[in-house]
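Enquirer: Mind looking over this structure? Questions follow.
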Amino acid sequence: MVVRDTAGLVVPLGLPLLILVMNGLGSGGEEEIPGTGGRTVFDVYVLPLTLTVVVAMVGVVNLPSFLAHHRRSGVLRRLGVTPAHPVMVLVAQAVVGVIQALLGVAVAIGVAVTVFDATPPAAPLRAVALLVPVLAALYAVGTLVAAIAPTTNAAVAIGLVLFLGMGAGGGMFGPRENLPDALATVGEFLPFGASVEVLGAAWVGTPVAAGHLFALLGGTVLAGAVAARFFRWS
């Protein structure tokens, strides 16, 4: 189904690349940040932001729409009376989503390095490891959307609102410092903003702030628990 849905396949890969290219061609991205080993604004901020957009698009927008479609079309209900439990559909959809997100991450990094001469992360193993809580937190939000959305269209609408809202608070439309202090603080510790922060730390090679990591883990547990409580198979 993911392969047949052209928009669902292309947009999560195309939009982040558009953000990457626009920032790469814009001014200011080549400015080096002191104390980062010669890394630029593009390396430390734009690239982690782009990777977060990839994961958020797939997890918060695509995943709930597919799950809501399966429920609306009766697929989950019909599987409930077969040896193939509906949970297997959720697992399969999550696996496909993770593969799609990782493909998008690989494409974004490849374009950044080959076209814009981006610097790889100072702590590559840590960056890979941190993708796990990033994926978990944003996919938990997507599962929560699927749990509360009554229809496929509602799932897409709610997912987009959350994606844009968290993105705005996490710096997707401009530096978070330009926001009012209260909104900037909230945005920093929502799943999107916390993801940008932990990936940015991995790119610089500095320790990840415990608050950002706890925000991702807490978001995963909270969203996952609410989703499990309200998820309907039919």
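Mapping of the sequence shown onto the UniProt record's numbering: position 3 corresponds to residue 3, and the numbering continues sequentially without gaps.
Just so you know, even glycine gets a beta-carbon here, dropped at the ideal spot from N, CA and C.
Flag this pair as yes or no: are the beta carbons of residue 161 and residue 65 separated by less than 8 Å?
Expert: The answer is no: Cβ separation not under 8 Å.
Enquirer: Can you give the Cα-Cα distance for residue 158 and residue 149, rounded to whole angstroms?
Expert: When rounded, the distance between both Cα atoms is 8 Å.
Enquirer: CA-CA distance, residue 212 and residue 194?
Expert: Going by the C-alpha atoms only, they are around 5 Å apart.
Enquirer: Need the endpoints of the alpha helix (DSSP H) that residue 166 sits in, please.
Expert: Taken as a continuous stretch (DSSP letters only), the alpha helix (DSSP H) holding residue 166 covers 152-169.
Enquirer: Taking its Cβ as the centre, do 16 or more other Cβ atoms sit within 10 Å of residue 71, making it buried, or is it exposed?
Expert: Classification for residue 71: buried.
Enquirer: Would you tell me roughly how many angstroms separate the C-alpha atoms of residue 37 and residue 45, rounded to the nearest one?
Expert: One C-alpha to the other measures close to 14 Å.
Enquirer: Start and end of the alpha helix (DSSP H) containing residue 53?
Expert: Per DSSP, residue 53 belongs to the alpha helix (DSSP H) from 47-56.
Enquirer: When the Cα atoms are used, what is the spatial distance from residue 154 to residue 139?
Expert: In a straight line, the C-alpha of residue 154 is about 17 Å away from that of residue 139.
Enquirer: Helix, strand or coil for residue 32? Go by DSSP, reduced to three states.
Expert: Strand.
Enquirer: Do residue 90 and residue 125 have their C-beta atoms within less than 8 Å of each other?
Expert: No, these two residues do not count as a Cβ contact at 8 Å.
Enquirer: List the DSSP bridge partners of residue 40.
Expert: Residue 40 is bridged to 32.
Enquirer: Is residue 118 closer than 8 Å to residue 47 when the C-beta atoms are compared?
Expert: Cβ atoms of residue 47 and residue 118: closer than 8 Å.
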